[in-house]
Amino acid sequence: MINYFKTIYQVSKALLQGMAVTGRWLFQPAITVQYPDEKLTPPERFRGTLVFDKETCTACNLCVKACPTACISLEPYVDPATQKRIAKVNWYQIDFGKCNYCRLCEEACPTKPIKSVRHSHDYEWSMKERSEMFVKWKRDPSPVIADTPKDTGTKAA
Amino acid sequence: MNNSEVYAVLRTQLPGLSEIPPPPMPVAMPAHEAKPYRDPYLYVQAVPHEWIETAKIIKNDPRLAFDFLIMLTAADYVLPMGNVQPRFDVIYHFYSFQHKHKLFVKVSLPRDNPLIPSVISLWPAADWQEREVYDMFGINFEGHPNCTRILMWDGFPGWPLRKDFVHVPDRYDD
Amino acid sequence: MIFPVLTQSQKRSIGVLALMGLIGGGTAMAIGELGMRLTQIWEFLLPILQKLPIPEMASQIAGMVIECSLLIGFISVSVMFMVWWERKVSAHMQSRLGPMTTGGWHGWAQTIADGIKLILKEDIIPESANSWVHRLAPVLVFVPAFICYAVLPFGSNLIAVNLDIGVLFIFAISGLSVLGIVMAGWGSGNKYSMLGGLRAAAQSVSYEIPRVLSIVPILLFVGSLKLTDIANYQSGMWFGFIPRWFIFYPVIGQIAFIIFLISSVAETNRTPFDIAEAESELVAGFHTEYSGMKFSLFFLAEYAYVFLSSGLTTALFLGGGSGPLLPTWVWFLLKSFGIVFLFLWFRWTFPRMRVDRLMEFTWKFLMPWSFVNILIAGAVVLALGV
Amino acid sequence: MATELIRIPGSDFQTEEMILNLGPQHPSTHGVLRVVLKIDGEVITAAQPDVGYLHRGTEKLAENRTYPQMLVISDRWDYLSAMSNNLIWCLAVEKLLQIEVPLRGDYLRVIMVELNRIASHLVFFGTYGIDIGAYTPFLHAFREREKILDLFEEVSGARMTYNYIRIGGVMADLPEDWIGKCRSFLEWIKPRFVEYDILLTENPIFKDRTQNIGIISKEDAISYAITGPNLRGCGISFDLRKDEPYCHYQDFKFDVPTGKQGDCWDRYWVRIQEMKESVKIVEQALDHLPTGVPNAKVPRIIRPPVGESYAQLEAPRGVLGIYCLSAGEDKPYRVHVRAPSFINLTILQKILVGMKLADVVAILGSIDIVLGEVDR
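Chains as they are written, first to last, in the working numbering: chain P, 31 to 187; chain Y, 2 to 175; chain G, 6 to 391; chain Z, 42 to 417.
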């Protein structure tokens, strides 16, 4: 009989304690962020969408080899005058439908001090069509004075 | 018990059993390359047709008492690799809660019509893992109550983890 | 500490709330007794209506229609408020803010937008459903809830139909809606719905009993089933400061209140007793297959029942509209929404009970205690000769 | 399962059993799991889980990826504790390569894995609350988890697929001031455990729902190869961090909580206690964090010698193992993932029988599966 009332007391006490916890949080400030109005700044190492710098890229193909999902493709630039390949890209394409945002391409990239392909801090991106996910950077049509291939230009083969 | 004692216990009851030697050192190994590696456990090769007896001894012998089937999988050796003939290896990894020792057992099967007795009656944990091996390699487990595909859908053509599996493009390829 | 250090925005919110309270209270006092005002308006309108060349029947019907639309309007507005309130309360309990955009100030128009969306949504009848039963069910759930509001005393003189058997009427009519739930469950042609409907039937029927039994002590004291009588009986004070509400009757009042509250929560199918629509088990229970307007009728009915139960609790245990300063209808609404808040608080704190434990709880715990309570109350009534 | 209905003759009337498909689209199957239930009223007479809806062919993918590339795929097995997956892949490959990771690297790995264990168990806590019908604990747990994910984001750049623990060490050393943030998080979460206990652990309704439900006996647990908190909930103290320490776990003092009878509540309770133990481990690791470089020297192109390795660790859901066969190429010859969720789920068909329909979600939730790992 005592146990019966004891159980009732314990049960009601535990339930009231639970209500006290939720009641306390009712008056605490919220921790959420009202997204379109307020935005969090991503940390330094944030892996946002990939950006590509077609000027510094040496078309060394290391990022293509490093990518686990084979979403990067590129074509080195061949000088039409001399028929020689130079350490520049003709075009460079990333299929963002496949991209893993894993940073392996950025780590493989040998350009210094700023990597040619790297993660930006941009995270607001949406596409309506699958074809839009293929982002292509093309070499400017303006002629560039032929510069000598640098360190890794030969690895493309 | 250490590896050699476990092997001695197994070997006295099962003369068909043999220990798998560690991978051989290459003859001319460059200095900068690492040596071939294998975990310091006992690896034994069991005979397929007496596998169920072997399994019973492994499970029930009080000196062995391998009551915990950690892992069950298979490997496909399609091309002759060194002295290895084309075959399937069904690989069992056991652990004993009582004696804290471990054991790898490999059972080699021919590549055409592979068939091995199921150990589901001894270790119920083998249930889904055997189904997975069947699903991926097409190795039939004799005595399994429900040896059907588990991860792939019924009617999937071929055995995906076999090395000679060729993917036929279907409507999911873009 | 409950309030550690108030931030600027918190101070602002408190200020805004206080101001709103003051304005609201002032307006309420200016309006005065709503029942009286309505009677005055009616008395003003009646001669005009009688002078018009229409039969007397028509003017009576017009009066009824006006009463009904007032009730419907009240139900809709209060349900909209409660839905929004529930979302805000639950959000703040969970360290978030809830709807913030629609309508500007704290998303006040969110429910209106949702309601419009629900009305515009496609109305789907599953292929395997029994079309007529499927269509009839939401109506059968909502209509009893609406009828019950007719006998709810919102304040002095503010009651649509002052029935002699008010309490019994509410229990009887609200019990009808379980029929709608079972029909929804069966008529949807969905196994989850059917399980939900069956669970709802078992649960509602079981909890009806302690719910009715728990108020028998009140009836013993008051000697009337009329809700206005019960509310009036509780006016006044003991020793000048304890209101003569039934909840303050020693022992009897509290036991009856707790049993009534628990079984009210169970009757309205809300957590921790929401096994009929247990989301994690039965997807959405009996209303899994409903969409659009039919779903919103279920939704409306659920919240209408929540307010009905709260209003009934107020009338039975908290003295109805009695209170100082403010008019009775304001007091009634304040107390009722206080009980509604309790419902929300329960819902966002507790896990769900299991079906068999739920049944055990009502038959083995609530029922005996309500009988004990009736015995004690009977003895007290006999001894005191109240 | 046979789909025909079986008539059970009752005392004076006949009832029919019903086949109920729980899932693949159901609020409480934690993903795309389908359980075919045969129910008699509310009582389950047979159950058959059906998995594979999320199958991505990890083991086949592994045969076509280099070792570092596979690390990215490993994030996707148990996506709630990707650090453990990263770690086990690295351990397996490091065994093949015979690389010793510097002490700092090991400590960083321990910190990350243990924080991830807290995050993973927090998800369990929250979703289990939802399974039982309490919604508030879910968002409270996610509030804390967000803080852990913020820490991970700072250190690795991603919130779920970290790719942080690398072969031979970690991706990069800790950013500045990370230790301070981690400590303030640990101080924040300690009082939260008390609230969790009030909200769920000691809540009478919750206890009523979970105690004496879905009991797994010790013998069953061993023969079904149950691991992790599910095994410890049965009262067997088996934790690889203690029994076969890796990553210098022997340096840390912590307890291995065990349950009493192996019911849902015990499994739940073990996880709650494990979170507290993980907090202890992270604190010790932060206190004694060695200086130096975290990374070992790793060849630029990873090409392990011929051989085979089996590595296993104590992931939040049990013993996660990798069996890796190397043929001396830059891609593994064969990889097998011993996924704890997959093997733990095997016992579901046994323990569901005789339970009530409402208990299905309680039991399924208490086994704590991640379908990404079950189907791989």
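All C-beta atoms, glycine included, are put in the ideal place defined by N, C-alpha and C.
Straight-line Cα distance separating residue j from residue i
{"i": "P/Cys101", "j": "P/Trp155", "result": "18 Å"}
{"i": "P/Ala44", "j": "G/Ile260", "result": "19 Å"}
{"i": "Z/Leu163", "j": "G/Ala289", "result": "26 Å"}
{"i": "Z/Gln89", "j": "Z/Gly64", "result": "12 Å"}
{"i": "G/Trp137", "j": "G/Val144", "result": "11 Å"}
{"i": "P/Trp167", "j": "P/Lys128", "result": "17 Å"}
{"i": "G/Arg357", "j": "Z/Met396", "result": "17 Å"}
{"i": "G/Pro360", "j": "G/Arg204", "result": "The sequence as given places Val at residue 360 of chain G; Pro does not occur at that position. Each residue's alpha carbon lies about 7 Å from the other."}
{"i": "Z/Ile342", "j": "Z/Ala368", "result": "15 Å"}
{"i": "Z/Asp296", "j": "Z/Asp284", "result": "12 Å"}
{"i": "Z/Glu45", "j": "Y/Asp155", "result": "Model confidence at Z/Glu45 stands at a pLDDT of 46, short of 50, so the residue's coordinates are unreliable; what they give is reported in the following sentence. Computed Cα separation, rounded: 20 Å."}
{"i": "Z/Pro373", "j": "P/Pro140", "result": "26 Å"}
{"i": "Y/Phe89", "j": "Y/Tyr96", "result": "23 Å"}
{"i": "Y/Leu162", "j": "Z/Lys101", "result": "6 Å"}
{"i": "G/Trp353", "j": "Z/Lys301", "result": "30 Å"}
{"i": "G/Thr319", "j": "G/Val377", "result": "23 Å"}
{"i": "G/Gly201", "j": "Z/Leu137", "result": "56 Å"}
{"i": "Y/Asp68", "j": "Z/Met153", "result": "33 Å"}
{"i": "P/Ile116", "j": "P/Glu137", "result": "23 Å"}
{"i": "Y/Lys103", "j": "Y/Ile92", "result": "13 Å"}
{"i": "P/Asp181", "j": "Z/Glu141", "result": "A caution first: P/Asp181 carries a pLDDT of 42, below 50, which makes its placement in the model too unreliable to give a value."}
Range covered by the alpha helix (DSSP H) that runs through residue i
{"i": "Z/Cys288", "result": "Per DSSP, Z/Cys288 belongs to no alpha helix (DSSP H) and is neither H nor E."}
{"i": "G/Arg275", "result": "First-last for G/Arg275: undefined, no H or E at that position."}
{"i": "G/Leu347", "result": "Thr333 to Arg352"}
{"i": "G/Asp361", "result": "Val360 to Glu365"}
{"i": "G/Gln13", "result": "Gln13 to Ile36"}
Minimum Cβ-Cβ distance from residue i to chain Z less than 8 Å
{"i": "P/Tyr65", "result": "no"}
{"i": "P/Asn91", "result": "no"}
{"i": "G/Ser100", "result": "yes"}
{"i": "P/Gln58", "result": "no"}
{"i": "Y/Pro111", "result": "no"}
{"i": "Y/Pro158", "result": "no"}
Any chain P beta carbon closer than 8 Å to residue i
{"i": "G/Met372", "result": "no"}
{"i": "G/Met105", "result": "yes"}
{"i": "G/Val311", "result": "no"}
{"i": "G/Trp368", "result": "no"}
Test: residue i CB closer than 8 Å to a CB of chain G
{"i": "P/Thr62", "result": "yes"}
{"i": "Z/Tyr176", "result": "yes"}
{"i": "P/Asn52", "result": "This sequence places Thr at residue 52 of chain P; Asn is not what is there. It does: the Cβ of P/Thr52 has a partner Cβ on chain G nearer than 8 Å."}
{"i": "Z/Met59", "result": "yes"}
{"i": "P/Leu70", "result": "no"}
{"i": "Z/Glu228", "result": "no"}
Below-8 Å beta-carbon distance, residue i vs any chain Y residue
{"i": "Z/Ser350", "result": "yes"}
Paired residues, beta bridge with residue i - DSSP
{"i": "Y/Phe142", "result": "Y/Ile117"}
{"i": "Z/Ile159", "result": "Partner(s): none; Z/Ile159 has no beta bridge."}
The beta strand (DSSP E) enclosing residue i, as first and last residue numbers
{"i": "Z/Glu58", "result": "First-last for Z/Glu58: undefined, no H or E at that position."}
{"i": "G/Arg357", "result": "Premise fails: G/Arg357 is in no beta strand (DSSP E) and is neither H nor E."}
{"i": "P/Asn120", "result": "Lys114 to Asp125"}
{"i": "Z/Lys79", "result": "Arg75 to Asp81"}
Inset, instruction - Determine contact between the segment 377 to 397 of chain Z and the segment 166 to 173 of chain Z, defined as no fewer than three beta-carbon pairs at a distance below 8 Å. - result: no
Inset, instruction - Could you say if the segment 153 to 171 of chain G and the segment 125 to 133 of chain G meet the contact criterion of at least three C-beta pairs nearer than 8 Å? - result: no
Legend entry - Cβ contact (3+ pairs, closer than 8 Å) linking the segment 247 to 257 of chain G and the segment 312 to 326 of chain G: yes
Inset, instruction - Could you say if the segment 89 to 98 of chain Z and the segment 67 to 79 of chain Z meet the contact criterion of at least three C-beta pairs nearer than 8 Å? - result: yes
Inset, instruction - Spell out a yes or no on whether the segment 399 to 412 of chain Z and the segment 246 to 260 of chain Z are touching, meaning 3 or more CB-CB pairs, one atom from each, closer than 8 Å. - result: yes
Inset, instruction - Determine contact between the segment 116 to 127 of chain Z and the segment 303 to 315 of chain Z, defined as no fewer than three beta-carbon pairs at a distance below 8 Å. - result: no
Inset, instruction - Mind the definition here: the segment 369 to 388 of chain G touches the segment 65 to 79 of chain G only if three or more C-beta pairs lie below 8 Å; say whether that holds. - result: no
Inset, instruction - Please determine if the segment 106 to 117 of chain P and the segment 177 to 194 of chain Z are in contact, where contact requires at least 3 C-beta pairs separated by less than 8 Å. - result: no
Legend entry - Three CB pairs or more closer than 8 Å across the segment 201 to 220 of chain Z and the segment 81 to 90 of chain P: no
Legend entry - Stretch pair the segment 149 to 157 of chain G + the segment 207 to 220 of chain G: three plus CB contacts closer than 8 Å: no
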